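Peer 1:
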Amino acid sequence: IFGSSLFNQFPLLKIILLPLLPLFAVYNTTFLGVIPVSLIIFFALFALVVRNEKIAHFIRFNTMQAILLDIVIFLCSLLLRLLSFIPGIAFTSETLSSTIFLGTLIAVIYAVFQSLLGRYAEIPAISEAVYTQVR
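As structure tokens, this is what we get:
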């Protein structure tokens, strides 16, 4: 889990994620023991929200941005798994994990506040990719 070393060093940070624990539990389960619920949510959001032009552009934009952030997190987790096979890289992996966690947390907080203000959250590289997907 990203940021686990941060939570070990600063246990009070766990309070930030307490309200989200039920969502994490559902998101990390499997349907019929085979299909990850996260994959079902991904395709459902993409097909039913992002590609549905009847839904407001603002909602489709934010949904696609969340999907792309999830893809970035997935790719980062793959990278960290690959790095874990290199001997003596534990400190670097912990640092990368904490950096990815903090970067994602900041991006999500920024996006939520911008959305509450009715503005599009401009996250470098992510938002540009979103604009190409959401017309």
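Under our numbering, residues 3 to 137 are what the sequence shown spells out, in order.
Virtual Cβ for every residue (Gly too), placed ideally from N, Cα, C.
Here the structure is a predicted model, which means the values were calculated and not measured.
Put THR32 into one of helix, strand or coil per three-state DSSP.
Peer 2: Stepping through the sequence shown from its first residue, residue 32 is reached at position 30. If DSSP states are grouped into helix, strand and coil, THR32 belongs with the strands.
Peer 1: Could you give the first and the last residue of the continuous alpha helix (DSSP H) run that contains ASN10?
Peer 2: Stepping through the sequence shown from its first residue, residue 10 is reached at position 8. Following the DSSP letters along the chain, one finds ASN10 inside the alpha helix (DSSP H) bounded by residues 6-11.
Peer 1: So which of ARG62, ALA49 and LEU23 has the shortest CA-CA distance to TYR133?
Peer 2: To locate residue 133, count along the sequence shown from 1; it is residue 131. Ranking ARG62, ALA49 and LEU23 by Cα distance to TYR133 puts ARG62 first.
Peer 1: At the level of alpha carbons, what is the spacing between ALA92 and ALA58?
Peer 2: In the sequence shown, the residue the question calls residue 92 occupies position 90. In the sequence shown, the residue the question calls residue 58 occupies position 56. If you take the alpha carbons of ALA92 and ALA58, they lie about 45 angstroms apart.
Peer 1: Please classify PHE26 as buried or exposed, where buried requires at least 16 neighbouring CB atoms within 10 angstroms.
Peer 2: As a first step, residue 26 is located in the sequence shown; it is residue number 24 there, counting from the start. Sixteen is the threshold: since fewer than 16 other Cβ atoms of the shown chains lie within 10 Å of the Cβ of PHE26, the residue is exposed.
Peer 1: On the DSSP bridge assignment, give the partners of ILE37 in chain order.
Peer 2: The count along the sequence shown starts at 1 and reaches residue 37 at position 35. Beta-bridge pairing links ILE37 to PHE33.
Peer 1: Pull up the distance between the alpha-carbon of ILE108 and that of PHE115, whole angstroms please.
Peer 2: If you number the sequence shown from 1, residue 108 lands on position 106. If you number the sequence shown from 1, residue 115 lands on position 113. Rounded to the nearest angstrom, the two C-alpha atoms are 11 angstroms apart.
Peer 1: Exposed or buried, what is GLN67 when buried is set at 16 or more other beta-carbons lying within 10 Å of its beta-carbon?
Peer 2: By one-based count along the sequence shown, residue 67 stands at place 65. The residue is buried, with at least 16 neighbouring Cβ atoms inside 10 Å.
Peer 1: Measuring CB to CB, does VAL39 end up less than 8 angstroms from VAL28?
Peer 2: Residue numbering aside, residue 39 sits at position 37 when the sequence shown is read from its first letter. Residue numbering aside, residue 28 sits at position 26 when the sequence shown is read from its first letter. A contact, by the Cβ cut-off of 8 angstroms.
Peer 1: Write down the C-beta distance between ILE102 and PHE4 rounded to the nearest angstrom, noting that I regard them as a contact closer than 8 angstroms.
Peer 2: As a first step, residue 102 is located in the sequence shown; it is residue number 100 there, counting from the start. As a first step, residue 4 is located in the sequence shown; it is residue number 2 there, counting from the start. Sure, about 5 angstroms apart at Cβ, within 8 angstroms.
Peer 1: So ALA123 packs on ALA113, CB below 8 angstroms; how close in whole Å?
Peer 2: Locating residue 123 in the sequence shown gives position 121, where the first residue counts as 1. Locating residue 113 in the sequence shown gives position 111, where the first residue counts as 1. Contact flag correct, Cβ pair sits at about 4 angstroms.
Peer 1: Report the rounded CA-to-CA distance for LEU20 versus GLU55, giving the unit in angstroms.
Peer 2: Within the sequence shown, the letter at position 18 stands for residue 20. Within the sequence shown, the letter at position 53 stands for residue 55. Approximately 35 angstroms, taken between the alpha carbons.
Peer 1: When the Cα atoms are used, what is the spatial distance from LEU22 to GLN11?
Peer 2: The residue given as residue 22 occupies position 20 in the sequence shown. The residue given as residue 11 occupies position 9 in the sequence shown. Spanning the two alpha carbons is a distance of roughly 20 angstroms.
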